[in-house]
Amino acid sequence: MPLEPVAQLAPALLDGGAGPAASLLGVSFREGYVGSVIAVSLYVSLTAVALSTLISVPAAVAIGLTEFPGKGFVKSVVNTGMGFPSVVVGLVVLFAVSNQGPLGSLELIFTREAMIMSQFVLATPPITAISLAAVSGVDDGVRDAARVLGGTRVDVALVVIKEARYGIATAVLAGFGRAISEVGSVLIVGGNITSADGISKTRTLTTAIQLEARQGRYETAMVLGAVLVALVLTVNAVVVRFGDRGVTG
Amino acid sequence: MLRATGVSRSYGDDTVFRDLTIDVDAGEVVAVIGPSGVGKTTLLRTLALSLEPDEGRVKLDGTDPWTADEAERLVLRRRVGMVFQEASLFAGTVARNVEYGLRVRRSWSERIASLFRLSGAADAVRESLDVVGLTDKTDQPVDSLSGGEAQRVSFARALAYDPDVLLLDEPTSDLDPRNTAVIEDAVGEASDRGIGVVVATHDMHQAERVADRVAVLLDDGITEVGPTAEIFEDPADERTRKFISGELVY
Ligand SMILES: Nc1ncnc2c1ncn2[C@@H]1O[C@H](COP(=O)(O)OP(=O)(O)OP(=O)(O)O)[C@@H](O)[C@H]1O
Ligand SMILES: [Mg+2]
Chain A
1 MPLEPVAQLA PALLDGGAGP AASLLGVSFR EGYVGSVIAV SLYVSLTAVA LSTLISVPAA
61 VAIGLTEFPG KGFVKSVVNT GMGFPSVVVG LVVLFAVSNQ GPLGSLELIF TREAMIMSQF
121 VLATPPITAI SLAAVSGVDD GVRDAARVLG GTRVDVALVV IKEARYGIAT AVLAGFGRAI
181 SEVGSVLIVG GNITSADGIS KTRTLTTAIQ LEARQGRYET AMVLGAVLVA LVLTVNAVVV
241 RFGDRGVTG
Chain B
1 MLRATGVSRS YGDDTVFRDL TIDVDAGEVV AVIGPSGVGK TTLLRTLALS LEPDEGRVKL
61 DGTDPWTADE AERLVLRRRV GMVFQEASLF AGTVARNVEY GLRVRRSWSE RIASLFRLSG
121 AADAVRESLD VVGLTDKTDQ PVDSLSGGEA QRVSFARALA YDPDVLLLDE PTSDLDPRNT
181 AVIEDAVGEA SDRGIGVVVA THDMHQAERV ADRVAVLLDD GITEVGPTAE IFEDPADERT
241 RKFISGELVY
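From first to last, the protein sequence lines are chains A and B.
Note that UniProt numbering has the first sequence beginning at 1, numbered continuously upward.
Note that UniProt numbering has the second sequence beginning at 1, numbered continuously upward.
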C-alpha cells in the first residue's frame, strides 16, 4: 500500500496550506512568508543540483572517455531521463521514503530532504546528458595530446573537463532551471507545508504559487511568480552566455 | 632505442600496414615519407606507445610497453613526445601549454601548490619556446595565435620535458617557408640534444633536408629504409623509385 501515507496526511496538508497562519494577511508577515518560500526553494534546488553535479559530471566524463559495449544504450537512457515526468519521480521517491518504503525508517516524508532527493533525480539526467554532449564534443586531438604528453587518465579527464567547461556550466544551470521551476514532485514528496506561524517548511515558489492562486491570493501569487521568473531568466541568461562562449570558443 | 618490429595495424577490416619494421636511435632523424592516407599517423601513434599494434612488438630500450603493467607503460610513454598534425593546443596560455608535460610529471602536492604560486615560466618552458622563436608569446592565450604559431607552440610543448624520442606528424604541413625553416632548425636542435626524431611528411624535399635516414611507406608497408642520399639517388625498390620520381601518383 504505497500510497497510504498520502491519504493519511491529506487533511494535515490542507491545514498546512489554509490553516490559521494563512488567514493572517499583515504585510510584514507576508514578507517573511515570501522570503521563507524563496529560501526553501533555493536551499532545496541548490543542494540537489550540487549533489547531482558531483555525480553527473564525473559520470559524463567517464562515459564520454571510455568505449564500452552498450554505450549508445546508456546515452539513450540518460537522454530519455531528461523527459521523465516529475510527478512520477515524486511518486517513486514518496514510496521510497514512506513507512513501507526502503528508506521509511529515516522518516523523510514531507521534509526538505525528501524534496532534495526527488530534485536530485530530476536534475541528474539533464546535467549528465548535457555534460556528456559537451565532453563528447571535445576535440579528440586535445585528448590524445594530453595522453601522449604523459598525462594519466586523471590528467586527460581534467583536460577534457577544462575544454568542456562552458558546456558543463550550461548543464549545471539547466539542471538548476529544471529543479527550481518544477512543481509536481516537490508537491508530492514535500507536501507544500508551512509552520503554524506561516513560515515555509517545504513550500517552494512553485507550490506556493499554485496554492496562492487557487485560494485567490493573486497578489502574493504574482510576487512569487515574478521572483521565480526573475530567477529562471537570470539562470537562462547565464546559460545563453555560457552557451555562446562554448560555441565561439 | 625505439624499435618497432613486424608491427601490423588495422581498423576493422582495413589493414593500414603489416609486418613493418622501423627504428630510431638517439640523436638520429628518421623521415617517414608516403602519400596521404597510407598510415603515417597510425605508425607514429604506434611508435608513441599510445596505439597497440595488432601484431609485432614495439620496444623502447628493449622493453615492450604492451606486456608491461600500466605504471611501467606510463613511464615508457613519458619518454616519448609527439607533435600532432593539428596543433591540438589546450585552452589557456602558451606557457601553460608548453608546461603541460612537466606539470603532469610532478606530484599532486606540487601541482596544487603551483596553482597558488605566481612564479614565472619555468626555464625549460622558456628554453623550448626559444627554440621555436616564440618567447615573446609566452603569456598569450592560444586562441590568439596564428596557425603557424600554434604549430610551433605544439612543437615546443613536446620538447619542453626533454623526451628521448620525438615524433613529428607533418609538422610543417600548414606552414609558410619561414615557419617551416624554424621547425626544421628545431628538429636539428632536438637531434643535437640527443633526441631521436621521427618525422612523418609527404614533402620529400623536407625529408632530404632534415633526415639521416628515410623510410618509404607505400600501400601496406615500408618498401625501403636507408640513408637519405641512397633512398633519393639510388633506391633499390622499384615502387620507391617510382614514388620518388613522381611516376607513382596516389
Ligand atoms: N581511428 C580510425 N578509425 C578508422 N580508420 C582510421 C582511423 N585512423 C585512421 N584510419 C584509416 O587508416 C588509414 C591511414 O590513416 P593515417 O591517418 O595513418 O594516414 P596518413 O598517412 O597519416 O595520412 P595523411 O598524410 O593524410 O595524414 C586511412 O585509410 C584512414 O582512413
Ligand atoms: Mg596523417
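Even glycine gets a Cβ: it sits at the ideal position worked out from N, Cα and C.
**Prompt:** For B:V132 versus B:A186, is the C-beta spacing smaller than 8 angstroms?
**Reply:** One-based indexing of the second sequence puts residue 132 of chain B at position 132. One-based indexing of the second sequence puts residue 186 of chain B at position 186. It is a contact, given that the beta carbons lie within the stated cut-off.
**Prompt:** Going along the chain, which residues put their C-beta within less than 7 angstroms of some heavy atom in ligand 2?
**Reply:** B:K40, B:T41, B:Q85, B:D169, B:E170 and B:A200
**Asked** What are the boundary residues of the beta strand (DSSP E) that includes A:K201?
**Response** Mapped onto the first sequence, residue 201 of chain A falls at position 201. Looking at the DSSP string, A:K201 is not in any beta strand (DSSP E), and its letter there is neither H nor E.
**Message:** Please classify B:D23 as buried or exposed, where buried requires at least 16 other C-beta atoms within 10 Å of its C-beta.
**Reply:** Here residue 23 of chain B refers to the residue found at position 23 of the second sequence. B:D23 is buried by the Cβ-count criterion.
**Message:** Are there any heavy atoms of ligand 1 lying less than 7 angstroms away from the beta-carbon of B:G196, as far as the coordinates show?
**Reply:** To locate residue 196 of chain B, count along the second sequence from 1; it is residue 196. No, Cβ of B:G196 sits at least 7 angstroms from all heavy atoms of ligand 1.
**Request:** Go ahead and pull the three-state DSSP assignment for B:D174.
**Result:** In the second sequence, the residue the question calls residue 174 of chain B occupies position 174. Note: B:D174 maps to coil in three-state DSSP.
**C-alpha distance - B:S245 paired with B:L217, whole-angstrom precision** = Sequence index remark: in the second sequence, residue 245 of chain B carries index 245 (1-based). Sequence index remark: in the second sequence, residue 217 of chain B carries index 217 (1-based). Each residue's Cα considered, the two are about 15 angstroms apart.
**Contiguous beta strand (DSSP E) assignments of at least 3 residues, all confined to the stretch 126-193 of chain B** = 165-169
**Request:** For B:S50, go through chain A and note every residue whose CB falls closer than 8 angstroms to its CB, in chain order.
**Result:** One-based indexing of the second sequence puts residue 50 of chain B at position 50. Within chain A, the residues near B:S50 are D144, R147 and V148.
**Request:** Please confirm if B:V104 has its CB atom under 8 angstroms from at least one CB of chain A.
**Result:** Along the second sequence, one-based indexing puts residue 104 of chain B at 104. B:V104 counts as touching chain A.
**Asked** Can you name the residues of chain B whose CB is closer than 8 angstroms to the CB of A:E163?
**Response** In the first sequence, residue 163 of chain A corresponds to position 163, counting from 1. Residues of chain B passing the Cβ test: F90 and A91.
**Asked** Looking at A:I38 and A:V227, is the spacing between their C-beta atoms short of 8 angstroms?
**Response** Sequence index remark: in the first sequence, residue 227 of chain A carries index 227 (1-based). Sequence index remark: in the first sequence, residue 38 of chain A carries index 38 (1-based). It is a contact, given that the beta carbons lie within the stated cut-off.
**Request:** Look at the alpha carbon of B:A68 and the alpha carbon of B:V7, and state the distance between them as a whole number of angstroms.
**Result:** Taking the first residue of the second sequence as 1, we reach residue 68 of chain B at position 68. Taking the first residue of the second sequence as 1, we reach residue 7 of chain B at position 7. Computed Cα separation, rounded: 17 angstroms.
**Request:** Measuring only between beta-carbons, confirm whether B:G101 sits less than 8 angstroms from chain A.
**Result:** Stepping through the second sequence from its first residue, residue 101 of chain B is reached at position 101. True, the Cβ-Cβ gap to chain A drops below 8 angstroms.
**Asked** Below 8 angstroms, can you find three or more Cβ-Cβ pairs linking the stretch 115-135 of chain A to the stretch 175-194 of chain A?
**Response** yes
**Those runs of the alpha helix (DSSP H) which lie wholly inside the stretch 7-42 of chain B and span at least 4 residues** = none
**Item:** Alpha carbon of A:V204 to alpha carbon of B:R103, nearest angstrom
**Value:** Sequence index remark: in the first sequence, residue 204 of chain A carries index 204 (1-based). Sequence index remark: in the second sequence, residue 103 of chain B carries index 103 (1-based). Just to set this straight, residue 204 of chain A is Thr in the shown sequence, not Val. C-alpha separation (whole angstroms): 47 angstroms.
**Message:** Given the structure, does B:G37 come close to ligand 1, in the sense that its CB is under 7 angstroms from one of the ligand's heavy atoms?
**Reply:** As a position in the second sequence, residue 37 of chain B is number 37, starting the count at 1. Checking the Cβ of B:G37 against ligand 1 gives yes.
**Message:** Going by DSSP, what residue range makes up the alpha helix (DSSP H) through A:A134?
**Reply:** Residue 134 of chain A sits at position 134 when you count from the first residue of the first sequence. That run of the alpha helix (DSSP H) goes R112 to S136.
**Asked** Is the closest heavy atom of ligand 1 to the C-beta of A:G35 under 7 angstroms?
**Response** Here residue 35 of chain A refers to the residue found at position 35 of the first sequence. No - ligand 1 has no heavy atom lying nearer than 7 angstroms to the Cβ of A:G35.
**Asked** So what's B:T223 in DSSP terms, helix, strand or just coil?
**Response** Mapped onto the second sequence, residue 223 of chain B falls at position 223. DSSP places B:T223 in strand when its eight states are reduced to three.
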